[in-house]
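Residue numbers (this note's numbering), protein chains in the order written: chain Z, 41 to 200; chain D, 15 to 346. First up is the structure itself, then whatever we jot down about it.
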């Protein structure tokens, strides 16, 4: 019986060690999450964000698009649907700006703000798209509005 | 004590490499690219964690470790591992109040090594769960040992525990549950405890069903109750079959048969624990501990989240239950 216990502890240790490796960094943890819950927008958005931070913009855009597709799943709460759509589109817009497609980015952020006019990250990225198009006054107003709604939003000035 | 020493060594071997190599992962602040807090910036993450109000005690541990080695992921991971080891030994002491030495060691070892607790240990943002569990276990041990001062200790412990994590307020009903368990199980007075709890739960479910809170989904009371039972089952099933662990489960898309399985399993488990309460009181004690400790999650609400670190304290009840079963088998 004692040996059964020892073997059990070693078995649990191996499982815990294997699971702990998922926690190495953002990319490993969110890859594991998406592998487990491939339809969940939150996991997909966070995976996209992890790719984004690692500089893999194509993979990030692909994850955001997958999240956007899943955001229409009516089994989810209305809030989850709305937030997933706003977050994935807002994040996609930022990538489009980086790909020098500010007009397409602006169109996306306008869609976001149409559904959720007070979504702070959406307003911020709307400002980023406007700034890239040279519309500094509107961009500054969007940044200010985003910061007024959420003080965690970083301060930014239009430098176009 | 050899089993628990072995488990502690194994826990260090399991989590030690992560202390050295893991980054800080703070997922909710990085969903939006515009947010200033990102995982690569340890200083920002530490600041973000350390300003999480009103968890003064937990944030103090973050600040304290940051003062020793500033902006270090390693020191914060080491802190989590130290609290985890402490909790394993505290559970050994608490379980030893009712179980044989071996049973108590099995309970402590399960806490240390079970994969269900990997999120709590590896996720620095889960520090409040670790600290709250340490305070709750210490309070239970002292309250049970020094009977005359029991409720004074509980009050002090409760005050301290809620500064670690709000949900640790359950230390009060937990001590009550553990104090009354034997008498009430034998005499049937347990209903005095269970009925108010059931009433509160039903009220909460009905309230949520009536609210048009967009977070809670348009499920209605029955749908909401089914979701709660499913999530509880999801948590517990990870103990029995500890694979498929994830930072993000997806209970909203579970099929109907899984919900039915969850409801039937919970009903069967509670009935079974009730029927064996006289010759195996620790079964009902353990399940009661689990349900009482996880109750705040009902009050707050379960929506789409299933976070494994939330069950760190509730699972203590299950570890005691398994330790009791193992210990009594060895004694026999």
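C-beta atoms are modelled at their ideal positions from N, C-alpha and C, and glycine is treated no differently. Since we're looking at a predicted model, the values are computed, not measured.
8 Å CB neighbourhood of residue i in its chain, flanking five on each side removed
i              : result
residue 60(Z)  : none
residue 28(D)  : 127
residue 134(D) : 94, 98, 140, 143, 144, 322, 323 and 326
residue 36(D)  : 87, 91 and 136
residue 33(D)  : 88, 91, 92 and 95
Which of helix, strand or coil DSSP assigns to residue i
i              : result
residue 159(Z) : coil
residue 30(D)  : helix
residue 39(D)  : coil
residue 179(D) : coil
residue 316(D) : Residue confidence is low: residue 316(D) scores 49 on pLDDT, short of 50, so the model does not pin down where it sits. Its coordinate-derived value is still stated next. Of the three classes helix, strand and coil, the one that applies to residue 316(D) here is coil, per DSSP.
residue 64(Z)  : coil
residue 170(Z) : helix
residue 284(D) : helix
residue 138(Z) : helix
residue 321(D) : coil
residue 290(D) : coil
residue 54(D)  : Any answer about residue 54(D) is weak, because its pLDDT of 45 lies below 50 and its placement is not dependable; what the coordinates show is given next. Coil at residue 54(D), not helix or strand.
residue 248(D) : helix
residue 177(Z) : helix
residue 15(D)  : coil
residue 295(D) : helix
Integer-rounded CB distance, given that residue j should sit under 8 Å from residue i
i              : j              : result
residue 91(Z)  : residue 100(Z) : 4 Å
residue 121(D) : residue 149(D) : At roughly 18 Å, the Cβ-Cβ gap does not stay under 8 Å, so residue 121(D) and residue 149(D) are not in contact.
residue 85(Z)  : residue 124(Z) : 7 Å
residue 121(Z) : residue 108(Z) : With a Cβ gap of about 11 Å, residue 121(Z) and residue 108(Z) do not count as contacting.
residue 132(Z) : residue 173(Z) : That belief does not hold up - the Cβ atoms of residue 132(Z) and residue 173(Z) are roughly 17 Å apart, past 8 Å.
residue 141(Z) : residue 163(Z) : Not confirmed; about 20 Å, so no contact.
residue 290(D) : residue 297(D) : 5 Å
Start-to-end residues for the alpha helix (DSSP H) that takes in residue i
i              : result
residue 261(D) : Note, residue 261(D): premise wrong, no alpha helix (DSSP H); not H, not E.
residue 82(Z)  : 81 to 93
residue 193(Z) : Element bounds for residue 193(Z): n/a, residue is neither H nor E.
residue 97(D)  : 87 to 109
residue 80(D)  : 70 to 82
residue 199(Z) : No alpha helix (DSSP H) holds residue 199(Z); DSSP gives it neither H nor E.
residue 141(D) : 141 to 159
residue 269(D) : Per DSSP, residue 269(D) belongs to no alpha helix (DSSP H) and is neither H nor E.
residue 120(D) : 115 to 127
residue 257(D) : That residue, residue 257(D), is in no alpha helix (DSSP H); it is neither H nor E in DSSP.
residue 104(Z) : 97 to 110
residue 136(D) : 132 to 136
Where residue i falls, given that 16 or more other Cβ within 10 Å makes a residue buried
i              : result
residue 322(D) : buried
residue 19(D)  : exposed
residue 53(D)  : In this prediction, residue 53(D) has a pLDDT of 41, which is less than 50 and means its spatial position is unreliable; nothing more can be read from the coordinates.
residue 137(D) : buried
residue 110(Z) : buried
residue 161(Z) : buried
residue 15(D)  : exposed
residue 337(D) : buried
residue 197(Z) : exposed
residue 81(D)  : exposed
residue 333(D) : buried
residue 254(D) : exposed
residue 328(D) : buried
residue 226(D) : A caution first: residue 226(D) carries a pLDDT of 43, below 50, which makes its placement in the model too unreliable to give a value.
residue 158(Z) : exposed
residue 143(Z) : exposed
residue 81(Z)  : buried
residue 341(D) : buried
7 Å Cβ shell around residue i - same chain, five flanking residues per side excluded
i              : result
residue 346(D) : Unreliable placement is indicated for residue 346(D), whose pLDDT of 47 sits below 50; the coordinate value is still reported in the next sentence. Contacts found: none.
residue 129(D) : 256 and 259
Contacting residues, own chain, Cβ-Cβ under 6 Å from residue i (five flanking each side not counted)
i              : result
residue 66(Z)  : 90
residue 200(D) : Confidence in residue 200(D) is poor, its pLDDT being 49 and thus under 50, which makes the residue's placement too unreliable to answer from.
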